[in-house]
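Only one structure is covered here, and it is reproduced in the block below.
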Amino acid sequence: MLNWLIGVLINTVLLMAIDGYFDDIHFSGIGAAFLASVILAVLNAVVRPVLILLTLPVTVLTLGLFLFVINAITLMMTAGLMGDAFQIGGFGTALLASIVLSFFHLLVQKAVIEPLHNRS
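Numbered per the numbering used here, the sequence shown spans residues 82 to 201.
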């Protein structure tokens, strides 16, 4: 449970940073970013595996790059569920944001989280 909460908090910070860099992405506040992070975590746990299974041939054919499209779809679904509290300008913006979000989440995981786990 603690790892899940840490992941949600990291996603909240990253989503707020993405909001600052992309003009087509807007959160109504930090609470909306936290709620979006929670919804995104639930969608990643429930919907994402189904989408991966359904698109497995395309994912294999693109050597896994189609996973960014799936991430963009879940990001768009999150924005759709949140209404005016979280807005994304279009699918291209969601795709680029999902790439940036994945990259920085991996960076934080490798630079911060794993060294903390290895020390204990």
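Just so it is clear, CB atoms sit at the ideal spot from N, CA and C, and this is done for glycine as well.
- With a cutoff of 9 Å on beta-carbon distance, I99 and V181 are scored as near each other.
- With a 10 Å radius around the Cβ and a threshold of 16 neighbouring Cβ atoms, L156 comes out buried.
- DSSP, read as helix, strand or coil, puts F185 in helix.
- Ranked by Cα distance from I111, the first of I91, V127, T174 and N125 is I91.
- Taking a contact to require three or more Cβ pairs closer than 8 Å, the segment 133-143 and the segment 104-118 do not qualify as touching.
- Pairing V119 with V94 gives a Cβ-Cβ distance that is not under 9 Å.
- Looking only at A122, G101, A114 and L96, the smallest Cα-Cα distance to M82 is reached by A122.
- Membership of I106 in the beta strand (DSSP E) is indicated by the continuous run I106 to F108.
- Within the segment 96-141, the beta strand (DSSP E) runs of at least 3 residues that lie entirely inside it are, in chain order, 106-108.
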